[in-house]
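Peer 1: The sequence shown maps to residues 1370 to 1439 in our numbering. Glycine residues also receive a C-beta, built at the ideal position from the N, C-alpha and C atoms. To start, I am sharing the structure in question, which I have written as C-alpha cells.
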Amino acid sequence: MTRTLASLLLAGGLLAAGQAMAGGEDLSPAPAVNDGPLIWHNESLTYLWGKNFKVDPPIQQTFTFESASA
C-alpha cells in the first residue's frame, strides 16, 4: 500500500510540474517564422500497473508523460 501511495504522489507531482511549466517561458530555439501565439496545448500523465505477466518481472508498472501543442 505504501508503494502505491508513493507512486500516486510521484504521478501527482509530475502532473503539477508539467502544468506549471506549460505556462512558463519556452526555452527551445525560436523558429525562423513565427505564425502567432500558441493556439492550444495538452498534457497527459498515465500510470499503468499490471501483474501476472508471463515475462519477467511478473509485476510491471510504467509512467507515461505526453505533451503536445500547436
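(1) Could you please give me the residues that DSSP links to N1411 through a beta bridge?
(2) Can you grab the Cα-Cα spacing for the pair G1382 / F1434, in whole Å?
(3) Distance, Cα to Cα, L1414 vs G1405?
(4) As a quick exercise: from F1422, S1376, K1423, S1438, pick the residue whose alpha carbon is nearest that of I1408.
(5) Leaving out five residues on either side along the sequence, give the residues of the same chain with a beta carbon under 7 Å from the beta carbon of W1418.
Peer 2: Working from what's here:
(1) Numbered from 1 along the sequence shown, position 42 holds the residue referred to as residue 1411. Beta-bridge annotation (DSSP): N1411 is paired with A1437.
(2) Taking the sequence shown and counting its residues from 1, the one referred to as residue 1382 is at position 13. Taking the sequence shown and counting its residues from 1, the one referred to as residue 1434 is at position 65. Across the structure, G1382 and F1434 are spaced so that their CA atoms are roughly 12 Å apart.
(3) Within the sequence shown, the letter at position 45 stands for residue 1414. Within the sequence shown, the letter at position 36 stands for residue 1405. Distance between L1414 and G1405, taken at the CA atoms: about 28 Å.
(4) Along the sequence shown, read from residue 1 onward, the residue named residue 1408 stands at position 39. Comparing alpha-carbon positions, the option among F1422, S1376, K1423, S1438 lying closest to I1408 turns out to be S1438.
(5) Residue mapping note: residue 1418 aligns to position 49 of the sequence shown, counting from 1. Around W1418: Q1430.
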